[in-house]
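The structure under discussion appears below in the form of structure tokens.
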Amino acid sequence: MDVVVDSSVVIAVIVNESVKETLVELTTGADLIAPHSVHWEIGNALSAMLKRGRITIQQAVRAVQVYREIPLRYVDVELEETLAIADAQGVYAYDAYLIRCAIKYKAPLISLDRRLVAAAKEAGAQVKEVAV
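For the sequence shown, the numbering used here gives the first residue as 1, with consecutive numbering after it.
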């Protein structure tokens, strides 16, 4: 079974946030997929953590090494459908890519972003709830 993951899930796992165990349990045995944008969002999130002093450069480099070990398959989503979702849900394209991915691949989306989860549900995407 495919599961769509966003950058919040990947970051939580690779930097060992408290919700890591729950996320690993929820995704064990699943084939993890994401739109290509998630790769760049991970870099952006790590650079923001560096800028805010939440992690050191050594921790960021280690997180990237852990990230590379995650069996995550990047998939394509159509820009036209993504823009329609962005317009209908009032979200940015980065969130709409994830919603479109969940709909297109008929896979539940897992995210720690409550607004994204709400927009995905409203758009008719399946969502895998995370209790935090």
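Cβ atoms here follow ideal geometry from the backbone N, Cα and C, with glycine treated the same way. As the structure is a computational prediction, the values presented were derived from the model and not from experiment.
Please look up how many angstroms separate the CB atoms of residue i and residue j, rounded, as I've assumed it's under 8 Å.
i: Gln126; j: Leu109; result: 7 Å
i: Ile70; j: Leu23; result: That belief does not hold up - the Cβ atoms of Ile70 and Leu23 are roughly 11 Å apart, past 8 Å.
i: Val77; j: Lys104; result: 6 Å
i: Ala119; j: Ile99; result: 6 Å
Rank the options by C-alpha distance to the C-alpha of residue i and give the top, closest one.
i: Leu79; options: Arg68, Gln89, Ala93; result: Ala93
i: Leu46; options: Lys20, Ala84, Ala63; result: Ala63
i: His181; options: Val19, Ala60, Ile57, Arg68; result: The displayed coordinates of the chain run from 1 to 132. Any statement about residue 181 would go beyond what the structure contains.
i: Glu122; options: Glu17, Ala96, Val75; result: Ala96
i: Ala30; options: Arg100, Val15, Arg73; result: Arg73
i: Arg114; options: Arg52, Ala48, Lys128; result: Lys128
i: Thr28; options: Asp2, Ala84, Ala12, Thr82; result: Asp2
In this structure, how does DSSP classify residue i when only helix, strand and coil are distinguished?
i: Leu32; result: strand
i: Val4; result: strand
i: Leu23; result: helix
i: Val132; result: coil
By DSSP's criteria, residue i is part of a beta bridge. Which residues make up the other side?
i: Ile110; result: Val5
i: Val15; result: Answer by DSSP bridge pairing: none, since Val15 is not bridged.
i: Val127; result: Leu109
Please give me, in chain order, every unbroken run of the beta strand (DSSP E) with length at least 3 that falls completely inside the region 34-103. 72-75
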